[in-house]
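Comments concern the structure below.
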Amino acid sequence: MRRRPALHVLRSPARAAWVSGVRRAALLLLVAGGVAMSSACTTGATRSDEAGVETPTSTFEADPTLIRVRDGEVIDTESLDSKEVFENAYLDFQARRYEDALQNYQIIIDYFADSRFILPSLYNAGLALEHLEQWEDAALLYRRIIDDFPESEESINASFRLGKSLHEAGRYEEVVEIMLSLGLRDLNHFDTVEAHVRRGNALLELEEWSEAEDAFQAAVDLNRRAPGDEKLLENSHFIVQAYFGLGASFHGRMDELKLVLPTERMTEDLNTKADLHQSAQANYLRALRQHHPYWSVAAGYKIGRLYQDFYLDIFAAEIPDGLNEEQITIYFEELRETIRVVMERALSVYERNLGLARRIVQSPDAAAWIDATALHLERMRALLDDPMVHRRAEQIVLAGGSLEEELFDVPAFAREHVRQALAKARDAAREASPPEVALHEAN
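So the sequence shown is residues 0 to 442, counted in numbering that gives the first Met the number 0.
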């Protein structure tokens with residue numbers, strides 16, 4: 000399987016790191032002119048000596064000279080070797096000193112543009128900027144590789160890195176365009192699958208659910224038809240991600256479908272919503288069963304959210320006009336009891352997902368999904384059994400608000416909690432007071 004290179008290395012470094020004081024000095028780089036000399040290293044050019052014998056020649060450019068200046072006066076000079084700068088950038092990168100690595104790569108980019116180190120320096124500098132989460136700057140370097148080295152293998156790698164950087168920068172439309180343009184190139188199977196999945200991820204962010212579904216399904220179908228020696232394993236990163244993406248595509252369409260009157264329309268939409276729920280769950284389950292350290296944990300959380308969202312959407316369905324307060328109370332009680340099984344299913348999935356997360360090898364990035372699972376598990380327990388949460392949910396629905404956005408809004412929830420606590424305290428005080436005191440307070 001082809002892997003995207005994490006770092007370009009022309010040769011292993013053997014020299015000590017460049018002195019940090021030199022690295023921080025103000026730089027003025029001077030390049031000597033070309034000089035002809037006799038050399039054992041040949042080039043395609045030859046010349047004849049006085050005896051008419053052809054001897055090989057080599058031209059070279061002297062290394063740039065680093066001149067350190069203080070108060071307008073030259074205080075030191077030092078030859079600057081591009082190979083040494085590149086190797087020390089590599090050392091810094093490997094030690095996760097990304098800012099120092101970036102400074103060294105930038106010297107090569109700025110002053111050694113014609114050297115053999117320029118392409119790996121552009122690529123590695125982009126990687127360093129990714130680690131520093133400077134996505135826009137990383138994208139500029141990857142675009143330069145694509146423009147200046149269009150026929151190189153690195154231009155394909157840079158296109159994928161560009162897509163990732165632009166995705167992180169929130170420029171999803173551009174990601175879609177880049178992945179589509181990659182599809183026109185002669186890609187191997189792994190790269191083609193990756194391009195479909197990355198396009199699907201960007202389309203999810205744009206909430207273009209049907210187009211995202213098509214992209215993820217294309218990745219799955221392509222891999223299913225691939226020859227055995229090219230086919231990716233079901234638990235490989237991009238195949239599991241494609242299953243997850245298909246689940247998210249159906250999930251997004253389900254969430255968009257709101258239940259409104261008249262009754263005939265609501266019944267039809269509820270059936271459609273149930274079908275989308277089943278399709279989303281089936282694909283999330285395909286991702287979950289692979290026990291991928293990241294995507295399986297994410298899928299487990301999303302299955303819980305799928306039931307939670309289905310419950311909240313039904314609970315927030317449009318209520319007929321003309322119901323009095325008693326009828327509304329009965330309506331919510333019966334509705335809550337009818338769909339209780341959906342919430343119990345959500346709780347069960349959240350609990351099992353936490354158990355799964357403890358059993359499989361965890362990716363550090365999966366911690367966010369685990370935290371979200373634990374948070375929503377507690378919220379759904381409250382929604383299932385806490386009368387105060389029931390009351391607040393009913394108030395939000397009657398006011399036409401959003402349960403997703405408002406139900407567990409901490410300041411509002413806290414205010415409601417305090418208000419109800421004070422009301423209970425006043426009621427308790429009245430019950431404990433002598434009749435004449437209670438009458439006085441009432442008046």
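Note that beta-carbon positions come from the ideal geometry of N, C-alpha and C, so glycine has one too.
DSSP state of residue i mapped onto helix, strand, coil
i	result
histidine 7	coil
glutamate 72	strand
valine 175	helix
aspartate 220	helix
glutamate 350	helix
isoleucine 338	coil
arginine 197	helix
histidine 166	helix
leucine 402	helix
valine 388	helix
glycine 182	coil
serine 114	coil
glutamate 229	coil
valine 259	coil
aspartate 320	coil
aspartate 408	coil
alanine 124	helix
alanine 356	helix
threonine 58	Bear in mind that a pLDDT of 36 at threonine 58, under 50, signals an unreliable position, so the number given afterwards is only what the model happens to contain. Correct three-state label for threonine 58: strand.
First through last residue of the alpha helix (DSSP H) which encompasses residue i
i	result
glycine 251	236–255
lysine 82	81–93
glutamate 132	That residue, glutamate 132, is in no alpha helix (DSSP H); it is neither H nor E in DSSP.
glutamine 289	Premise fails: glutamine 289 is in no alpha helix (DSSP H) and is neither H nor E.
arginine 96	Run containing arginine 96: none; DSSP gives neither H nor E here.
leucine 374	366–384
Among the options, nearest to residue i - alpha-carbon criterion
i	options	result
arginine 443	Leu128, Ile302, Leu79	Because residue 443 is not part of the residues shown, which for the chain are 0 to 442, the question remains open.
leucine 287	Ile395, Leu260, Gln240	Gln240
glutamine 102	Asp364, Asn123, Gln289, Leu118	Asn123
isoleucine 318	Gly299, Trp208, Leu260, Glu153	Leu260
leucine 475	Phe159, Ile359, Arg170	Given that the chain is displayed from residue 0 to residue 442, the structure contains no residue 475 and the question cannot be resolved.
glutamine 105	His375, Ala298, Phe85, Ile313	Phe85
leucine 334	Glu135, Asp384, Ile313, Leu305	Ile313
alanine 168	Ser235, Ala247, Glu135, Val175	Glu135
glutamine 307	Asn156, Ser114, Arg380	Arg380
arginine 358	Leu311, Ala88, Arg170, His291	His291
phenylalanine 148	Glu132, Leu179, Gly162, Arg115	Arg115
glutamate 204	Lys230, His250, Arg224	His250
valine 174	Arg142, His188, Ala88, Leu186	Arg142
serine 347	Ile117, Arg304, Glu153, Asp185	Arg304
glutamate 132	Trp368, Ala247, His166	His166
glycine 162	Phe243, His188, Glu193	Glu193
C-beta neighbour in chain D for residue i, strict 8 angstroms
i	result
arginine 264	Although the question refers to chain D, the structure presented lacks it and comprises just one protein chain.
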